[in-house]
Amino acid sequence: MMRFLVHRIVQAFVVLLAMSFVIYGLIGLMPGDPIDLMISADPNLTPADAERLKAIYGLDRPFSQRYLAWLVNALGGDFGYSRLHAKPVMDVLLPRLGNTLVLMGVAFAVTLAIALPIGTIAAIRRDSAADYAINFVAFAGISTPPFWLALLLIMLFSVTLGWLPAGGMGNAAMGGGFDRLTYLVLPVMTLSLASIGGYTRYTRAAMGEALGQDYIRTAWAKGANMARVVIHHALPNALIPIVTIIALDFGTLFSGALITETMFSYLGMGKLIYDSIMGNDFNLALVGLLLATFVVLMANLFADIAYTVLDPRINFRAQEAAP
160 MMRFLVHRIV QAFVVLLAMS FVIYGLIGLM PGDPIDLMIS ADPNLTPADA
210 ERLKAIYGLD RPFSQRYLAW LVNALGGDFG YSRLHAKPVM DVLLPRLGNT
260 LVLMGVAFAV TLAIALPIGT IAAIRRDSAA DYAINFVAFA GISTPPFWLA
310 LLLIMLFSVT LGWLPAGGMG NAAMGGGFDR LTYLVLPVMT LSLASIGGYT
360 RYTRAAMGEA LGQDYIRTAW AKGANMARVV IHHALPNALI PIVTIIALDF
410 GTLFSGALIT ETMFSYLGMG KLIYDSIMGN DFNLALVGLL LATFVVLMAN
460 LFADIAYTVL DPRINFRAQE AAP
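For the sequence shown, the residue numbers in the numbering used here are 160 to 482.
Given below as structure tokens:
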């Protein structure tokens with residue numbers, strides 16, 4: 160187990176290093192020079208000042224030297240300054256990452272709390288009216304674009320009914336309790352409703368396969384009731400592929416959060432990365448994208464560990480002993 164974890168952590172570090180090179184190169188190709196932006200903001204800067212600033216920020220050096228200098232500083236914990244916020248990049252990013260993880264965590268919890276039970280019901284009552292109704296709603300959810308759903312929810316609950324705020328976070332940044340919940344409802348509904356259909360379909364398929372296995376027939380033959388068969392025998396095996404899908408879907412949910420945060424002006428990572436790209440804040444955009452990559456890699460690592468816990472057939476000792 161320890162060897163597996165070390166291997167996966169090293170693998171994640173190599174992927175993160177490769178992604179830092181790719182993202183650094185892509186950020187460098189973005190239109191807009193930071194020195195030109197400084198000159199446009201302060202007309203008193205002369206061409207000599209511009210050349211001096213380029214030397215200070217290392218923009219007069221080749222790409223490889225600039226990347227290596229940035230990488231050495233980053234490995235030492237110095238990720239640079241945000242031009243838009245006039246603060247160290249991590250001081251801006253970490254609070255926003257916390258807001259995004261809260262949004263994604265609540266959306267994930269709501270999605271699984273709804274999708275797992277109704278997917279299980281659809282599998283148990285396969286080809287019944289309930290199964291057809293659940294499938295119809297699931298396909299409708301899968302087919303609905305998140306941005307369109309966000310606009311629909313804003314029009315219904317904010318503009319027409321006036322029940323919920325259309326955007327922002329209220330006093331959430333100051334630690335507001337109930338106020339934070341009211342501002343979370345519509346973004347969470349947008350993310351969850353877009354995911355519930357897919358997870359319902361996965362659960363229906365995994366549970367249907369599990370219910371057809373011989374050990375389930377044995378449990379029925381022993382007189383086990385429906386709850387025991389489903390919860391104690393079928394569900395643990397059905398969860399194994401679903402855990403893998405959750406890990407793979409984490410990146411999709413993160414990109415969905417970017418759209419949702421922008422639509423609802425939610426102060427999370429997605430909106431911050433969007434604003435930094437639009438404002439040519441290169442350091443902030445670069446580290447924000449890398450932090451998002453890091454979170455997705457950690458989610459995949461967690462899924463691998465959970466997979467080994469759920470599936471006792473995985474024997475690390477046997478794998479490590481293999482040539």
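Backbone N, C-alpha and C fix where the C-beta goes; we use that ideal spot for every residue, glycine too.
{"Asked": "DSSP-derived helix/strand/coil call for Lys381", "Found": "coil"}
{"Asked": "Contact check, Pro346 vs Leu252, beta carbons under 9 angstroms", "Found": "no"}
{"Asked": "Beta-carbon proximity list for Thr349, same chain, < 7 angstroms, skipping 5 on both sides", "Found": "Pro305, Leu308, Ala309, Leu312, Thr419"}
{"Asked": "Gly438 versus Lys430: straight-line alpha-carbon distance, rounded", "Found": "12 angstroms"}
{"Asked": "Reduced DSSP secondary structure (H/G/I, E/B, other) of Tyr240", "Found": "strand"}
{"Asked": "Where the alpha helix (DSSP H) through Phe222 begins and ends", "Found": "222-234"}
{"Asked": "Coarse secondary structure for Pro247, derived from DSSP in three states", "Found": "strand"}
{"Asked": "Helix, strand or coil at Asn258 according to DSSP, with G and I counted as helix", "Found": "helix"}
{"Asked": "Proximity test, Ala268 beta-carbon vs the ligand GDP heavy atom, cut-off 8 angstroms", "Found": "The ligand content of the structure shown is nil, which means the ligand GDP is not present either."}
{"Asked": "Residue environment, Pro276, which counts as buried when at least 16 other CB atoms sit within 10 Å", "Found": "exposed"}
{"Asked": "Three-state secondary structure assigned by DSSP to Thr303", "Found": "coil"}
{"Asked": "Whether Leu212 touches Leu218 by CB criterion (9 angstroms)", "Found": "yes"}
{"Asked": "Segment limits, alpha helix (DSSP H) that includes Asp434", "Found": "428-437"}
{"Asked": "Close Cβ partners of Ala297 (< 6 angstroms) along its chain, the five nearest in sequence each way excluded", "Found": "Gly356, Thr359, Arg360"}
{"Asked": "CB contact below 9 angstroms: Trp307 versus chain B", "Found": "Note that chain B does not occur in the displayed structure, where there is just one protein chain."}
{"Asked": "Short Cβ contact (9 angstroms threshold) for Leu175 with Ser435", "Found": "no"}
{"Asked": "Three-pair Cβ contact test at 8 angstroms for the segment 281-301 versus the segment 443-454", "Found": "no"}
{"Asked": "Alpha carbon of Tyr466 to alpha carbon of Ile401, nearest angstrom", "Found": "10 angstroms"}
{"Asked": "Opening and closing residue of the alpha helix (DSSP H) in which Met161 lies", "Found": "161-187"}
{"Asked": "As assigned by DSSP and simplified to three states, the class of Gly321", "Found": "coil"}
{"Asked": "DSSP state of Tyr374 mapped onto helix, strand, coil", "Found": "helix"}
{"Asked": "Environment of Met422 [buried if 16+ CB atoms lie within 10 Å]", "Found": "buried"}
{"Asked": "Within 9 angstroms, strictly: CB atoms of Arg363 and Thr303", "Found": "no"}
{"Asked": "Gly447 - DSSP class collapsed to helix/strand/coil", "Found": "helix"}
{"Asked": "Sequence-distant residues of the same chain with beta carbon closer than 6 angstroms to Ser354, five excluded per side", "Found": "Thr270"}
{"Asked": "Three-way DSSP call (helix, strand, coil) for Met457 in this model", "Found": "helix"}
{"Asked": "Leu366 in three-state terms, based on DSSP", "Found": "In the sequence as displayed, the identity of residue 366 is Met instead of Leu. Note: Met366 maps to helix in three-state DSSP."}
{"Asked": "Environment of Ser351 [buried if 16+ CB atoms lie within 10 Å]", "Found": "buried"}
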